[in-house]
Structures are given as structure tokens and as C-alpha cells.
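Worksheet: the structure to be examined is printed underneath.
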Amino acid sequence: MSKRRRPSKLQDNLVYGLVWLACFAPLAWLAWKGFQGDLGANPIEKLIRQLGVWGLRLLLVGLAITPLARILNWPRLVRFRRTVGLFAFSYILLHLFSYVGVDLFFDLGQLWKDILKRPFITLGMAAFVLLIPLAVTSTNGWILRLGRATWQRLHWLVYLIVPLGVAHYYLLVKADHRPPLVYAAVFTVLMAWRVWDRVKKSSP
Ligand code: HEM
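Structure (C-alpha cells):
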């Protein structure tokens, strides 16, 4: 039987660097376009929307890592889930900040009114609040404190966060509902793979 060659530290660092660059690139691109004054007729809306959509994409990339690791027979890929998840959280935090700061001028009373009156903001905020415990407990110290099983169970929250994010997107688009439906379809496929995987593992 041929033994799988252990990847070198250098290879690991290289992949880590590439993952980091790929996650950071959209933010760098947005900042660059912003400085160039090239974000279109409504730069604030463009900024908020781009940060939101990249947050959602990275949440889905995070969910795709386990199936990919299994399909490609590359278990070490799972190590990058945390980095991708933290980038997703950062994009969504910036999305929230640009809405509250740039759009509402930090009027927290108005934010509260929006949460109560605009269903898409209610859903977005719910998703954001659920993301906080995942971001806070992302350190090795927290994994030890909670125990890996509890920590993993806590991460099932992402199965709620993504549909909330997609519903938030669906409710805010006025005409073309195809983009949020595409994200919903990707999420469904990723969940279906998990169900199939569980069934396969539990069948004798
Ligand atoms: C997990 C959390 C969230 C995700 C995944 C998310 C994702 C998105 C996406 C995909 C868009 C549309 C982008 C596009 O049209 O291309 C969007 C727009 C928007 N989101 Fe979020 N969002 C989240 C949380 C929030 C929160 C907490 C707020 C504010 C309290 C918020 C406020 C907005 C606003 C104001 C828009 C733009 C609406 C418009 O231009 O009409 N989002 N978001």
C-alpha cells in the first residue's frame, strides 16, 4: 500500500498564504476602487453591497471546505476553514459598519427602528448576532475550554446563519431574484451533501 506523503511545512504555509490572499483580495480591490473614486454612481451602496455579498460567498466557501476535503482526499484543507470563517465575519462586520457609519451616520436609534421595521435588516442583524459567538470562540483557547464536541455543535449555527443571510438578500432585491436564489441553491447542495454523508456513514 502506498503511503500518502506528508505535506511539508513550506507547502502548508504556501497554501495558507494563498487562502489568505484570496480572502483579502476583494477587500483590497474594493479599497483600491474606492480610492480611485471608481465605485459607480452610488459608491456607498456599492460598498455596502459588495461587502455583504463577499461575506455571504465566504460563508459558503467555509461550508464547502469539508465536502471538498473529502472529495479531493485532502484532509488538511479543513485547517483553512477557520481563516475563511473569520474573513467572512470581517466582511460582514465591515458591511454592518459601513451601513451604520456611512449610511446612518452612527444613528443607533435609526438602526433600532430599521431592525424593527425593515424585515431584511431584521434578518441580517439576526444572522450577524449569531455569527458573534462563532467569531469569539474561534481561538484554540476557546476550543479547549468548550471541548471540541461542544465547539463543533456551536458551529452548527452556521446552518442557520447562511439561510438568514440569503433571506436577507432575497428580501432586499427588488427586481431580479436570481442571485439570492443561486446562493440558496449552493447552500442546498452543500447541506444535501452533509445529509448524504451522514446517511452513508450510519448505514452498515
Ligand atoms: C450574515 C449577515 C449578513 C449577510 C450574509 C449579508 C449579505 C448581504 C448581501 C448579499 C447583500 C446584497 C448585495 C447585493 O445586492 O449585491 C446585502 C445588502 C445589504 N445589507 Fe446585508 N448582510 C448581512 C447582515 C447585515 C446587517 C447586520 C445589516 C445592517 C444592520 C445589513 C444591511 C444591509 C444593507 C443596508 C444592504 C443594502 C441594501 C440596499 O442597497 O438596498 N446586512 N447584505
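In full-length UniProt numbering, the protein residues as written are 1 to 204.
All C-beta atoms in this analysis are idealised placements derived from N, C-alpha and C, irrespective of residue type, glycine included.
As the structure is a computational prediction, the values presented were derived from the model and not from experiment.
Hey, would you say residue i sits closer than 7 Å to residue j, going by beta carbons?
| i | j | result |
| --- | --- | --- |
| residue 205 | L59 | Residue 205 lies beyond the stretch modelled for the chain, which goes from 1 to 204, so this question has no answer here. |
| T83 | V19 | yes |
| I161 | L130 | yes |
| W151 | I143 | yes |
| G124 | H168 | yes |
| K46 | G55 | no |
| N120 | L172 | Rather than Asn, the amino acid found at residue 120 in this sequence is Phe. Yes, the Cβ-Cβ distance between F120 and L172 is below 7 Å. |
In this structure, how does DSSP classify residue i when only helix, strand and coil are distinguished?
| i | result |
| --- | --- |
| A28 | helix |
| S2 | Unreliable positioning characterises S2 in this predicted model, as indicated by a pLDDT of 44, which lies under 50. A coordinate reading is not provided. |
| R118 | coil |
| V173 | coil |
| L130 | helix |
| D12 | helix |
| N140 | helix |
| F97 | helix |
| Q36 | coil |
| G55 | helix |
| A41 | coil |
Flag residue i as yes if its beta-carbon sits less than 7 Å from any beta-carbon of chain C, otherwise no.
| i | result |
| --- | --- |
| I143 | Of the chains in the structure shown, none is chain C; there is only one protein chain. |
Counting C-beta neighbours from all protein chains within 10 Å, is the total for residue i 16 or more, i.e. buried, or is it exposed?
| i | result |
| --- | --- |
| S98 | buried |
| P180 | buried |
| V166 | buried |
| M1 | At M1 the pLDDT is 42, less than 50, meaning the model places this residue with poor confidence and gives no usable figure here. |
| H177 | exposed |
| Q50 | buried |
| D114 | buried |
| F105 | exposed |
| F128 | buried |
| V61 | buried |
| L108 | exposed |
| I132 | exposed |
| I44 | exposed |
| F35 | exposed |
| G85 | buried |
| L21 | exposed |
| L134 | buried |
Starting from the Cα of residue i, find the closest Cα among the options and give me that residue.
| i | options | result |
| --- | --- | --- |
| H95 | V53, W112, L134, G147 | V53 |
| T188 | L30, Y159, Y170 | Y159 |
| residue 232 | Y16, W32, K9, K117 | Because residue 232 is not part of the residues shown, which for the chain are 1 to 204, the question remains open. |
| N13 | L63, R76, A25, W29 | R76 |
| D197 | I71, T122, S8 | I71 |
| L63 | S202, S203, L190 | L190 |
| residue 241 | Q36, Y170, R81 | What the structure shows of the chain is the stretch from 1 to 204, and residue 241 is not part of that stretch, so it cannot be assessed. |
Compute every distance between the C-beta of residue i and the non-hydrogen atoms of the ligand SAH, then say whether any falls below 6 Å.
| i | result |
| --- | --- |
| V84 | Inclusion of the ligand SAH in the displayed structure is not the case, the ligand content consisting of the ligand HEM alone. |
Residues near the ligand HEM, CB to any non-hydrogen atom under 6 Å, in chain order? My final list is E45, I48, R49, G52, V53, G55, L56, I92, H95, L96, Y99, I121, G124, M125, A127, F128, L131, I161, G165, H168, Y169, L172.
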